[in-house]
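Structure first, commentary second.
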Amino acid sequence: CAILIIAGGTGEFEAGISKDGQTREHALLAFTLGVRQLIVSVNKMDTTKWSEDRFNEIIKETSAFIKKVGYNPKAVAFVPISGWHGDNMLEESSKMPWYKGWTKETKAGVVKGKTLLDAIDAIEPPVRPSDKPLRLPLQDVYKIGGIGTVPVGRVETGIIKAGMVVTFAPSNVTTEVKSVEMHHEQLEQGNPGDNVGFNVKNVSVKDIRRGNVASDSKNDPAREAASFTAQVIVLNHPGQIGAGYAPVLDCHTAHIACKFGELKEKIDRRTGKSLEDNPKFVKSGDAAIVKLIPSKPMCVGK
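So the sequence shown is numbered by full-length UniProt numbering: it starts at 1 and just counts up by one.
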């Protein structure tokens, strides 16, 4: 879930939703990165003298632009708050008697609430993919005296536990997990969403690094990708982008330059519908399916 904080002050809201405004960019980024649950929080209501008209004006404008991004405004909670005083964040505020609460539509039905905390509590929790093969991108690797090599990272899918034989891609190093810890406590197993450290046998800190991906060597292990296909959205770029362009890509914890090998098709940003096959270039605001070629060994998964 994303919480889109909007400044309610005169001029501030307008700047945020202008063509290159941050509010607009943040909403687009959230949707592009797959965040489908959204809360819109209108902050600084104290500077508007707790104005109902100003709140309604902001809701109307914001609903229109988040709809263009891809969100359904009926599934979004709109909450007026004042972070300075804590109004309507944890408890209902007495300063906005006109505010009767927020309502949003979900698959389970209509949900209602008053405060920002209520809206956060109404988020539908994601399903943790513990039944899928293990994927654990490394955030760092430590050498700890008396223990040995300890890679750390967040379990994205699958589980990790002591005794498991893991392979690190693209380094192609295979070893056994001796133990798994989270917050200095031993775990029977690490599940998706857990930030864990795990001790491995006979591996030097020089053999593996940030950006490597740990996986179960006996269950669909991760492999190096010579190339991969990605959906690319150009938020802001001064010129046209064609084949040969090589931006630095952040994928899980890897940070590697990847070349645009081929522009396969231009698509509609919201629906994914094809608009043009094999375009020569893309520009700001465009979305495309692109073949990317990493400049160094890299592990990429769906």
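Just so it is clear, CB atoms sit at the ideal spot from N, CA and C, and this is done for glycine as well. Nothing here was measured: the structure is a model prediction, and the numbers come from that model.
Using beta-carbon positions only, say whether residue i and residue j come within less than 9 Å of one another.
i, j, result
"residue 308", "residue 149", "The requested residue 308 is not part of the displayed model; the chain covers only 1 to 302."
"residue 73", "residue 66", "yes"
"residue 231", "residue 290", "yes"
"residue 181", "residue 165", "no"
"residue 64", "residue 106", "no"
"residue 262", "residue 274", "no"
"residue 216", "residue 153", "no"
"residue 39", "residue 119", "yes"
"residue 196", "residue 187", "yes"
"residue 224", "residue 172", "yes"
Report the three-state DSSP secondary structure of residue i (helix, strand or coil).
i, result
"residue 166", "strand"
"residue 22", "helix"
"residue 302", "coil"
"residue 57", "helix"
"residue 62", "helix"
"residue 147", "coil"
"residue 280", "coil"
"residue 96", "coil"
"residue 140", "strand"
"residue 273", "coil"
"residue 194", "coil"
"residue 46", "helix"
"residue 222", "coil"
"residue 303", "The shown model of the chain, from 1 to 302, leaves out residue 303, and the question about it has no answer."
Identify which residue in the options has its Cα closest to the Cα of residue i.
i, options, result
"residue 29", "109, 269, 110 and 243", "269"
"residue 297", "236, 169 and 157", "169"
"residue 236", "222, 221 and 283", "283"
"residue 247", "239, 254, 260 and 238", "260"
"residue 7", "79, 143, 122 and 275", "79"
"residue 308", "279, 202, 192 and 242", "A question about residue 308 goes unanswered here, because the residues of the chain that appear run from 1 up to 302."
"residue 174", "189, 213 and 195", "213"
"residue 226", "294, 196 and 41", "294"
"residue 111", "77, 187 and 221", "77"
In the DSSP assignment, the beta strand (DSSP E) including residue i goes from what residue to what residue?
i, result
"residue 256", "254-267"
"residue 233", "228-233"
"residue 243", "Here residue 243 belongs to no beta strand (DSSP E), and DSSP marks it neither H nor E."
"residue 216", "213-216"
"residue 134", "Careful: residue 134 lies outside any beta strand (DSSP E) and carries neither H nor E."
"residue 182", "173-182"
"residue 161", "Here residue 161 belongs to no beta strand (DSSP E), and DSSP marks it neither H nor E."
Residue range of the alpha helix (DSSP H) that residue i falls in?
i, result
"residue 14", "12-16"
"residue 108", "No alpha helix (DSSP H) holds residue 108; DSSP gives it neither H nor E."
"residue 117", "116-121"
With three or more C-beta pairs closer than 8 Å as the rule, is the region 80-95 touching the region 46-64?
Touching, yes, given that three or more Cβ pairs across the two stretches are closer than 8 Å.
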